[in-house]
Structure formats: C-alpha cells, structure tokens
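K.L.:
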Amino acid sequence: MSESDDAESAEAQTPEPDAPADSEAATENALLFGVWEVSEMAYSDPSTKRYLNVTPIAHTMGRHASKQFQKSEISLVERLINRLMQNEENTGKKQQATRIVRDAFDQIHERTDENPVQVLVTAVENAAPREETVRLKYGGISVPKAVDVAPQRRVDQALKFIADGVESATYKSTTTAAEALASQLTGAADYDVETYAISQKEERERVAAAAR
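As structure tokens, then:
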C-alpha cells in the first residue's frame with residue numbers, strides 16, 4: 053500500500069471534531085454518574101412505563117424547557133433533581149441537587165445492594181396516586197368528585213411527594229438531604245406506609261374513594 057493510500061485511510065478513520073456523536077454508540081455503554089447501569093430497568097406498572105424515561109444523562113441544560121409535554125423525554129433522575137430544586141434551600145442550585153441525588157444513590161446501594169436507579173423507578177411507581185378529587189359546582193354548591201389520574205400526572209405527583217418528603221425530613225433536623233432522599237426512595241420502593249410519599253398517595257386515594 054502506498055503512502056497516499058495510508059494517509060487517506062487514516063483521514064477516513066479520524067472523526068470530525070464538529071460531527072455529532074452517534075446516539076447508539078454514545079449511550080451503549082454509558083453509565084449514570086459513571087457508576088450506575090440504566091439500560092435494563094424493570095417496570096411493574098404498564099400505565100406509567102412510557103413516562104419513566106431513564107437515561108445516563110443527568111443534565112440536559114433545559115433543552116426541553118420550551119416544548120409542551122417534553123418533560124417526559126427527560127431522564128427520571130434529572131426530573132427528580134429538578135424537583136429537589138423547587139424549595140428555598142436549593143432554588144437554582146442544579147449542581148447541589150445533583151450531588152444530593154448522587155450521594156443518596158450511593159447510600160441506597162450500601163443499604164440494599166441494589167441498583168439505585170431501579171429503586172427510584174419502583175418508588176415512583178408505588179408513590180403515584182391512581183385517583184384524586186376535583187371540585188364540581190352545582191348551582192352554588194361545590195361537590196368533590198373522584199377522577200382517575202392521567203399517567204403523566206401520576207409521575208409528576210410521585211416526584212412531588214418524594215421531594216416534599218425530603219424537605220419535611222430535613223426541616224430543623226440534623227438529617228442530611230441525601231440521607232432523607234435515600235430513606236424516602238427505599239421506603240417508597242418497599243411500599244412502607246410510614247414513608248411520606250406513600251402516606252400522601254394513600255391519603256389522596258382515601259379521599260377520592262370517599263368522594264365516589
């Protein structure tokens with residue numbers, strides 16, 4: 053083979069610096085936080101499976117922010133991180149919230165010896181309420197009515213309950229946010245009714261059952 057042929061083959065193998073990475077090749081062996089495998093998740097609830105997107109990317113830099121209903125395309129882990137930012141302590145602190153989730157995942161693995169991403173998926177499925185109430189007005193009377201919850205809203209509510217549970221457990225307490233989050237996720241994954249997220253789900257469904 054001549055020198056010109058060698059140069060041409062080397063040029064063909066050298067990737068262009070501005071060329072986008074191939075999506076399949078880039079994500080095939082990617083790990084969340086460089087540690088956790090996300091390619092094989094088990095889902096027990098078929099209704100919410102479509103909205104429990106899990107990817108190794110924990111920060112998409114708001115690329116879906118201006119698109120309606122595109123939040124379900126974001127990784128469930130990043131959605132949890134964004135939820136943790138919605139309080140006075142962590143408002144706008146994406147890196148701090150990410151560190152809390154990363155430390156909580158390490159603690160979950162130490163406690164359960166399971167993949168913490170799978171624990172998160174199971175916790176969200178268990179904490180997602182199936183029924184809630186709306187208020188209908190008949191004349192001047194407001195009457196509560198039980199309604200089914202849309203799958204996308206179920207995931208939203210589950211993440212809200214988990215984040216609220218973390219805030220409640222750390223308020224005027226020595227418990228760190230990572231410890232509180234690890235306890236919330238493991239408790240919800242085990243369907244422990246003492247866990248804040250599960251108790252809130254049970255309360256929503258109890259009120260809805262009374263309004264049928």
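Every number in our numbering is 52 more than the matching position in the sequence shown, counting from 1.
Every residue gets a Cβ at the ideal spot worked out from N, C-alpha and C, and that includes glycine.
Remember, it's a predicted structure, so these values are computed and weren't measured experimentally.
Using three-state DSSP, classify L104 as helix, strand or coil.
P.N.:
Looking up residue 104 in the sequence shown gives position 52. Looking at L104 - three-state DSSP - the assignment turns out to be coil, as it is neither helix nor strand.
K.L.:
Roughly how many whole angstroms lie between the Cα atoms of R206 and P181?
P.N.:
In the sequence shown, the residue the question calls residue 206 occupies position 154. In the sequence shown, the residue the question calls residue 181 occupies position 129. Using only the alpha carbons, I get a separation of about 6 angstroms.
K.L.:
Considering only DSSP beta bridges, list what Y190 is partnered with.
P.N.:
For the purposes of this step, residue 190 is taken as residue 138 along the sequence shown, with counting starting at 1. Answer by DSSP bridge pairing, in chain order: I193.
K.L.:
Taking the alpha-carbon positions, what's the A263 to L188 distance?
P.N.:
Counting from one through the sequence shown, the residue named residue 263 turns up at place 211. Counting from one through the sequence shown, the residue named residue 188 turns up at place 136. Cα-Cα distance, rounded: 11 angstroms.
K.L.:
On a Cα-Cα basis, can you pick out the residue from R256, H116 and W88 that is closest to A198?
P.N.:
Along the sequence shown, read from residue 1 onward, the residue named residue 198 stands at position 146. Cα-wise, what sits closest to A198 is R256.
K.L.:
What are the boundary residues of the alpha helix (DSSP H) that includes V171?
P.N.:
The residue labelled residue 171 in the question sits at position 119 within the sequence shown. Per DSSP, V171 belongs to the alpha helix (DSSP H) from P168 to A179.
K.L.:
Just curious, the alpha helix (DSSP H) that F157 is in, first and last residue?
P.N.:
Along the sequence shown, read from residue 1 onward, the residue named residue 157 stands at position 105. That run of the alpha helix (DSSP H) goes K146 to T164.
K.L.:
Measure from the alpha carbon of T247 to the alpha carbon of each residue in S225, A261, K224 and D216, then state which is nearest.
P.N.:
As a position in the sequence shown, residue 247 is number 195, starting the count at 1. Measuring from the Cα of T247, the nearest candidate turns out to be D216.
K.L.:
Alpha carbon to alpha carbon, how far is A149 from T185?
P.N.:
Position 97 of the sequence shown holds residue 149. Position 133 of the sequence shown holds residue 185. Their backbone Cα atoms lie some 32 angstroms apart in a straight line.
K.L.:
Contact defined as beta carbons within less than 8 angstroms: I believe L237 pairs with V171. What is the distance between those atoms, to the nearest angstrom?
P.N.:
Along the sequence shown, read from residue 1 onward, the residue named residue 237 stands at position 185. Along the sequence shown, read from residue 1 onward, the residue named residue 171 stands at position 119. L237 to V171, Cβ: 5 angstroms. Contact.
K.L.:
Once you ignore the five residues that flank T164 on each side, which residues in its own chain have a CB closer than 7 angstroms to its CB?
P.N.:
Locating residue 164 in the sequence shown gives position 112, counting from the first residue. For T164, where only same-chain residues beyond five positions count, the Cβ hits under 7 angstroms are V171 and T238.
K.L.:
Output yes or no for whether 8 angstroms exceeds the beta carbon distance between A179 and I126.
P.N.:
Within the sequence shown, residue 179 is the residue found at index 127, counting from 1. Within the sequence shown, residue 126 is the residue found at index 74, counting from 1. No; because the gap between Cβ atoms is not below 8 angstroms, this pair is not in contact.
K.L.:
Could you check how far apart the C-beta atoms of T227 and A234 are, in whole angstroms? I think they sit under 8 angstroms.
P.N.:
Indexing the sequence shown from 1 puts residue 227 at position 175. Indexing the sequence shown from 1 puts residue 234 at position 182. Wrong, their Cβ atoms sit about 10 angstroms apart, outside the cutoff.
K.L.:
What residues in its chain sit with their C-beta under 6 angstroms from that of T107, if we drop five residues either side in the sequence?
P.N.:
Within the sequence shown, the letter at position 55 stands for residue 107. Contacts found: S127.
K.L.:
One question on the structure: do S96 and E177 come within less than 8 angstroms of each other, judged by their Cβ atoms?
P.N.:
Within the sequence shown, numbered from 1, the residue matching residue 96 stands at position 44. Within the sequence shown, numbered from 1, the residue matching residue 177 stands at position 125. For S96 and E177, yes; Cβs fall inside 8 angstroms.
K.L.:
For H161, collect the residues of the same chain with a Cβ closer than 7 angstroms to its Cβ; drop the 5 residues on either side in sequence, then sort them by chain order.
P.N.:
Position 109 of the sequence shown holds residue 161. Closer than 7 angstroms at Cβ, skipping near neighbours: P168.
K.L.:
Just mark Y103 as buried or exposed, buried being the case when its beta carbon has 16 or more other beta carbons within 10 Å.
P.N.:
To locate residue 103, count along the sequence shown from 1; it is residue 51. With 16 or more other Cβ atoms within 10 Å, it is buried.
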